[in-house]
Amino acid sequence: MFWATLVAALVVATHAASSNIICSDFGKGGGGGGFAGYYQRMAPENCRGRHGDMANWRPTFRSARSMGGTCKHGFKKYNGKCYKYLEDWGAGISFRKGETLCNMNGGHLYVPNDMAEHRFVESNQVAIHHAWHWLGIWCFPKGGESRNPAEFYTVTGEDMRVIQKKLNAQADPIDNHNRPCLMFHPRHDRSLKWHHQHGHEGQRTICEVPL
688 MFWATLVAAL VVATHAASSN IICSDFGKGG GGGGFAGYYQ RMAPENCRGR HGDMANWRPT
748 FRSARSMGGT CKHGFKKYNG KCYKYLEDWG AGISFRKGET LCNMNGGHLY VPNDMAEHRF
808 VESNQVAIHH AWHWLGIWCF PKGGESRNPA EFYTVTGEDM RVIQKKLNAQ ADPIDNHNRP
868 CLMFHPRHDR SLKWHHQHGH EGQRTICEVP L
């Protein structure tokens with residue numbers, strides 16, 4: 688019942704905001720503004736969760752919509768996107784619920800694109816100190832496990848092969864079934880040492896929404 692009601696609400700919210708969707712921003716090459724880089728490398732079909740509310744789930748791609756040039760109340764602006772820590776459904780929620788909540792606000796779970804953006808999120812009252820936060824990075828679909836973030840996928844469709852060249856992050860091994868999701872801690876000695884986690888367990892949620 689919860690998910691049926693949630694899906695219905697998401698459809699209504701997406702329809703109501705359709706006038707804000709900038710279709711040209713979804714083109715090849717990343718488009719402009721806060722959509723740059725979105726939806727360029729989509730996760731394959733076998734990138735689906737296995738446990739709890741993650742079972743057989745994969746993200747709803749191309750769900751982002753523009754805030755119309757001004758960040759909504761409580762969101763922090765940086766370089767074409769708006770960011771906010773959200774706890775509408777509680778301080779710690781699953782990866783799936785976090786992504787769904789971000790979709791309802793017009794965005795996705797936060798995916799760090801470069802070091803400057805990541806430091807902004809850590810230092811501008813977006814992230815919660817001394818807490819783990821979901822990253823919108825998940826899934827190694829090849830079988831087995833990997834520690835190389837360049838081989839993972841994002842809920843935004845941004846290309847982790849490009850992002851990893853800029854961040855040089857380290858990660859616990861993730862696979863497509865048991866621990867498919869990544870999270871970060873805002874302490875600088877941990878911010879680029881990403882920890883793996885079961886997606887159905889609760890963590891903090893930061894959303895990014897194109898401006």
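Heads up, this note's numbering is the position in the sequence shown plus 687, with the first residue counted as 1. Note that beta-carbon positions come from the ideal geometry of N, C-alpha and C, so glycine has one too. No experiment lies behind these values; they were computed from the predicted model shown.
Contacting residues, own chain, Cβ-Cβ under 6 Å from R848 (five flanking each side not counted): A837
Note to self: Mapping the DSSP letters down to three states, classify H805 as helix, strand or coil.
What the structure shows: helix
What is the C-beta distance between C734 and R749, in whole angstroms, given that I count them as a contact (C-beta under 8 Å)? Going by Cβ atoms, the distance from C734 to R749 rounds to 16 Å, so no, they are not a contact pair.
Check your understanding: To the nearest whole angstrom, what separates the beta carbons of C789 and L898, a pair I think is in contact under 8 Å?
Key -> That belief does not hold up - the Cβ atoms of C789 and L898 are roughly 15 Å apart, past 8 Å.
#### Entry: Separation of H820 from A858, as counted between CA atoms
Distance between the alpha carbons of A858 and H820: 14 Å.
Given 8 Å as the limit, is there contact between the segment 802–817 and the segment 780–787, that is, 3 or more CB pairs closer than that? no
So L971 and M870 are in contact, right, with Cβ under 8 Å, and what is the actual spacing, rounded?
Here the chain covers residues 688 to 898 and nothing more, so residue 971 does not appear.
Take G779 and list the residues in its own chain whose beta-carbon comes closer than 7 Å to its own, dropping the five residues that flank it on each side. G889, Q890 and R891
- Task: Give me the Cα-Cα distance between G714 and R752, rounded to the nearest whole angstrom.
- Result: For G714, the pLDDT reaches just 33, beneath the cut-off of 50, and the residue's location in the model is therefore unreliable, although a value from the coordinates is still provided. Across the structure, G714 and R752 are spaced so that their CA atoms are roughly 14 Å apart.
| query | If we call anything under 8 Å between Cβ atoms a contact, is G886 one with C868? | reply | yes
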